[in-house]
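Each remark here refers to the structure printed beneath this line.
There are 2 protein chains.
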Amino acid sequence: MPADAPALKIANTRTEGAEVVLYDRAGGQSREALGAALVEERGLTLIRPYDEPQVIAGQGTCGLEIAEEARMLGIETAEVLVPCGGGGLSAGIALALQAEAPGVRVRTVEPRDFDDTARSLAAGRRLGNASQAGGLCDAILTPMPGEITFPILARLCGPGLAVGDTDVLRAMAEAYQRLKLVAEPGGAVALAAALFHGSEIAGETVICVISGGNVDAATFGLALKTLG
Amino acid sequence: MPADAPALKIANTRTEGAEVVLYDRAGGQSREALGAALVEERGLTLIRPYDEPQVIAGQGTCGLEIAEEARMLGIETAEVLVPCGGGGLSAGIALALQAEAPGVRVRTVEPRDFDDTARSLAAGRRLGNASQAGGLCDAILTPMPGEITFPILARLCGPGLAVGDTDVLRAMAEAYQRLKLVAEPGGAVALAAALFHGSEIAGETVICVISGGNVDAATFGLALKTLG
């Protein structure tokens, strides 16, 4: 994990029994190189967080649930806003919807200064971010869209959306106040787009994925402060 | 609503379109007398919050869900911890479980200084609380068990449990940290009993109801502080 991941996320993962190896994202240390060295040294199997067909398929079960609920509600056409880092969740959902609810289209949502997917979708090729760290939405900061995920996104998704940190904090507060859910900043970007970027979304029906609740109390407090 | 209800709860209710009439619980103003006067004056139909068969039946659908999930998991014997104010939720769940999962027993959980149900269950008759207001768990502070609910609880439930405010705050923090749920203090009492009163609970399997997330940011902040 990046050394600047939330302390809560690192602690929760250790509580589950994992050995957490930290790396310096801000200083440019490569997670890929570190992973490769650990695999070599200990004879491990590497499971990538997004560029991995079975991870994408697993995250796609969220798309199966969306398709089932949309069918139950009689929804045939909609946009699904999905928090996007490396693109595994977005790609998995897009594949599931292609098969089960072809009128429902994925829109990726990213933090404004880490919108590599939105820019890559617009350019038709994979582009990176200027920064590798910093910003509020640590969990979905990735260097660029994945090798496996990007072609899926390019084929199936609409234009990418990007949201600012203030809107993310306000969305976290709305999730707290109305939905009674704890969302981490990166997990709330799609909700922020749904609430505050309506003019960029097509159609009447918006479906929104909230994913991830590993947020330190101090950051959560910043979100609650937006309630005034 | 009591004038000392969370500002968030009052605001959320008004947002839903309701007219909220406040009363002074701490000063001993009677909600029942106020309700009766409004009914008379405006020709309204009174729906009591717990001493109302259809409210109890509606809350009992939570018991149907518990029975269904227990069956799916192969659970035949368990204790279900339920936050208890006037006893509507507890009574509804107890009735549903009597019909659908008779080996699963309800245990009411209350704040320590407002444990009228636990004392009433022990005494075999309805007893009141010394105080009518104050304390952390505003939503489940009621003067005494209901006329309709208490006989159901007395027939179907095990001994009542009571928890202290510190344990409630710690349970809210656990819900935040592990379950990613926003629980109000009164909604977290059963989780507090499950986490910190294990010695008072029989058997291996504990089912816990978390109900209600209307909590002001300041109170939520108190809970997060227990994470240290």
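In the order they appear, the protein sequences are chains A and B.
If you count the first sequence from 1, you need to add 109 to reach my numbering.
If you count the second sequence from 1, you need to add 109 to reach my numbering.
Backbone N, C-alpha and C define an ideal beta-carbon position, used for all residues, glycine too.
Ala327 of chain B and Gly233 of chain A have their C-alpha atoms roughly 47 Å apart.
Non-local beta-carbon contacts of Gly183 of chain B in its own chain, meaning distances under 8 Å to residues more than five positions away in sequence, are absent. Interface annotation, Arg287 of chain A: in contact with chain B, CB-CB separation under 9 Å. Interface residue (Cβ-Cβ distance to chain A less than 9 Å): Val291 of chain B is classified as such.
Restricted to the segment 282-327 of chain A, the beta strand (DSSP E) segments that are unbroken, complete and at least 3 residues in length are 315-317, listed in chain order. Using a Cβ-Cβ cut-off of 7 Å, Ala326 of chain B is close to Leu333, Leu336 of chain A, given in chain order.
For Phe305 of chain B, not one C-beta of chain A is nearer than 9 Å to its own C-beta. In chain order, Leu333 make up the part of chain B whose C-beta sits under 7 Å from the C-beta of Phe329 of chain A.
Ranked by Cα distance from Gly322 of chain B, the options B:Gly269, B:Ser308, B:Val291 are led by B:Val291. The segment 261-268 of chain B makes no contact with the segment 278-297 of chain B, as fewer than three CB pairs between them are under 8 Å. Rounded to whole angstroms, Ile257 of chain A and Gly126 of chain A show a C-alpha spacing of 30 Å.
At least 9 Å separates the beta-carbon of Ala227 of chain B from that of Pro192 of chain B. For Val218 of chain A, there is no enclosing alpha helix (DSSP H); the enclosing beta strand (DSSP E) has its first and last residue at 213-220. Put simply, the CB of Gly295 of chain A is far from chain B, with every gap to its CB atoms at 9 Å or more. Counting only Cβ-Cβ distances below 9 Å, Leu117 of chain A has contacts in chain B at Gln286, Leu336, in chain order. Looking at the DSSP output, Tyr132 of chain B shares a beta bridge with B:Pro111. Between Glu150 of chain A and Phe305 of chain A, the alpha-carbon positions lie close to 48 Å from each other. DSSP links Val272 of chain B through a beta bridge to B:Pro220. Comparing C-alpha distances from Arg157 of chain B to each of B:Gly144, B:Glu178, B:Gln168 shows the shortest one belongs to B:Gly144. Proximity of chain B to Gly322 of chain A at the Cβ level (cut-off 7 Å) is accounted for by Lys289, in chain order. A straight-line Cα-Cα distance of about 39 Å links Ala142 of chain B and Glu283 of chain B. Counting only residues of its own chain and dropping the five nearest sequence neighbours on each side, Asp113 of chain B has a CB closer than 7 Å to the CB of Arg134, Ala135, Ala242, Asp247. The alpha-carbon of Ser199 of chain A is positioned some 27 Å away from that of Leu153 of chain A. Counting the other Cβ atoms within 10 Å of the Cβ of Met181 of chain B gives fewer than 16, which makes it exposed. Between the C-alpha atoms of Leu336 of chain A and Arg279 of chain A there is a straight-line separation of about 8 Å. For Asn121 of chain B, the nearest CB of chain A lies under 9 Å from its own CB, placing it at the interface with that chain.
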